[in-house]
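Every letter in the sequence shown is one number past the one before it in this note's numbering, and letter 319, counting from 1, is 340. The C-beta atom is built at its ideal place from N, Cα and C for all residues, glycine as well. Note that this is a predicted model, so its numbers are computed, not measured. A short worksheet on the structure shown next.
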Amino acid sequence: GNGVAFIGSGSATPQVTLSNETLSQIVETSDEWIRTRTGIQRRRLVTPDRTMTDLAIAAAQSALDMANLAATELDLIILATSTADDLFGSASLIQAQIGASRAVAFDLTAACSGFVFGLVTASQFIRTGAYRNVLLIGADVLSRWVDWGDRSSCVLFGDGAGAVVMQATDESDRLLGFELRSDGSMNACLRLAYQGESRTLMDGVTITQGTYGPITMNGKEVYRFAVQRVPEVIEKALFRANMTSAQIDWLLLHQANQRILDAVAQRLNIDSAKVLSNLANYGNTSAASIPLALDEAVRSGKVKPGDAIAASGFGAGLTWGAAIFQW
Ligand code: ACO
């Protein structure tokens, strides 16, 4: 059969923890400000000896273990990231290092929406019958690109990785509905842009060379966008699933800000006990945040097989989307 099933999850975070108190020695801020405005208490930061790929591999291996699937069985690996170790793509390196010799691998970039966009993309390959076993990873190391002098953004982000294993099933399709959106007219709200300097190679031949970043963000605009668009896109995905928000067991939002989580839950009339949240410990880990929170909830026994989950990612692009699925 060509239905989509979820058979494993995994996650990995770096060892080093940066608390709000310690962060307030780097920029002019306070634990009180960060906690009350965002709900974040600490975040993990990748050390110079480790890479995004290392985190992604650790998350992938733990998801494969839960799925009880050998890497050689994988047909496809999708790596959702905006912070690849290599701009040509990092998915192939993961494919080689985990020994997924048969799998095709590619990167997918949609900022904090990357995991939801990747979940829908992976599902299309399964539904068409093209691929049977798919590894989807969300991994980001935004600490590399944050402006550590900008207190309005550097307090928000952390590093991490999460993964799920998806498989074709003869039973019912567990992806019940989805809706994906983009609005590039609001691109300037949140950017990690290329910054090149002009360089003349010879008369009449001028190019630019440089690097990326740092991250720039209009926090108020991003906040307004999220609180308005996320409930809409979840409603649309629920409609496609022929469901109402009352039938949802868990609301699994991109972990950007506790106030955004609370506002979205309230608009959808979803009880706060059904809202998965771990951003106090990790901050905003971009494409990793949804699979990281999912994996913690699965391993703690909160999310059980058959539970209905409404997941929604939102962020730079701007991009946003929702997927309603059964674990
Ligand atoms: N510590 C202390 N004071 C601060 C800090 C800080 N870390 N940051 C800003 N302030 C100050 C500001 O300077 C301002 O002072 P002023 O009134 O004297 O000018 C005051 O606090 C209020 O600042 P606001 O920006 O108005 O604060 P706001 O309540 O809007 O909260 C926040 C800011 C937390 C960034 C909020 O807007 C937010 O969460 N937005 C969404 C951001 C987000 O989630 N982005 C990621 C999206 S996902 C992705 O794709 C990466």
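Beta carbon of residue i nearer than 7 angstroms to that of residue j
i    : j    : result
L274 : I345 : no
A143 : I98  : no
D316 : S30  : yes
S32  : L300 : no
G110 : A309 : no
V67  : V162 : yes
I115 : A77  : yes
G170 : T34  : no
V25  : D194 : yes
G304 : I61  : yes
T130 : N278 : no
A92  : D128 : no
C-alpha gap between residue i and residue j, whole angstroms
i    : j    : result
K323 : R220 : 56 angstroms
A117 : L90  : 16 angstroms
T38  : I330 : 29 angstroms
A247 : L222 : 44 angstroms
P252 : M87  : 32 angstroms
R64  : V176 : 9 angstroms
L44  : R172 : 9 angstroms
R288 : L85  : 36 angstroms
A209 : A132 : 14 angstroms
A294 : T306 : 22 angstroms
S164 : A80  : 19 angstroms
D328 : R148 : 21 angstroms
P235 : G334 : 22 angstroms
T57  : G179 : 18 angstroms
I55  : I28  : 36 angstroms
A189 : N23  : 5 angstroms
Q145 : F199 : 12 angstroms
R212 : G240 : 12 angstroms
M73  : Q36  : 13 angstroms
E49  : I281 : 24 angstroms
T265 : M207 : 30 angstroms
G139 : A332 : 12 angstroms
D283 : D191 : 37 angstroms
R153 : L108 : 28 angstroms
D292 : E256 : 16 angstroms
V296 : N302 : 16 angstroms
M238 : S174 : 7 angstroms
D70  : I311 : 25 angstroms
T340 : L272 : 19 angstroms
G336 : K325 : 28 angstroms
Assigned exposure category for residue i - 16 Cβ within 10 Å defines buried
i    : result
N41  : buried
V167 : buried
E53  : exposed
V285 : buried
Q216 : exposed
S321 : exposed
V319 : buried
S51  : exposed
D75  : buried
R250 : buried
A124 : buried
Integer Cβ distance of residue i from residue j, believed to fall under 8 angstroms
i    : j    : result
V137 : G342 : 5 angstroms
A151 : L100 : Actually they do not touch by this definition, with Cβ atoms about 18 angstroms apart.
V254 : R202 : 6 angstroms
L197 : Q347 : 7 angstroms
L350 : A121 : Any answer about residue 350 is impossible in this case: the structure gives the chain only from 22 up to 348.
G338 : G205 : 7 angstroms
S83  : G135 : Rounded, the Cβ-Cβ distance is 19 angstroms, inconsistent with contact.
E218 : T227 : No, E218 and T227 are not in contact; Cβ-Cβ is about 11 angstroms, not under 8 angstroms.
Y233 : A262 : At roughly 37 angstroms, the Cβ-Cβ gap does not stay under 8 angstroms, so Y233 and A262 are not in contact.
S298 : Q268 : Actually they are not in contact, since the Cβ atoms of S298 and Q268 sit about 21 angstroms apart, beyond 8 angstroms.
Residues sharing a beta bridge with residue i, DSSP
i    : result
F178 : N305
T340 : S203, G336
G29  : V186
F346 : L196, I330
Y215 : Y233
I228 : R220
R65  : T38
Closer than 7 angstroms to chain C by CB, residue i
i    : result
F138 : Absent here is chain C; the protein component of the structure consists of one chain.
Distance cut-off 6 angstroms: residue i Cβ against heavy atoms of ligand 2
i    : result
T130 : The ligand content of the structure shown is limited to ligand 1, which means ligand 2 is not among them.
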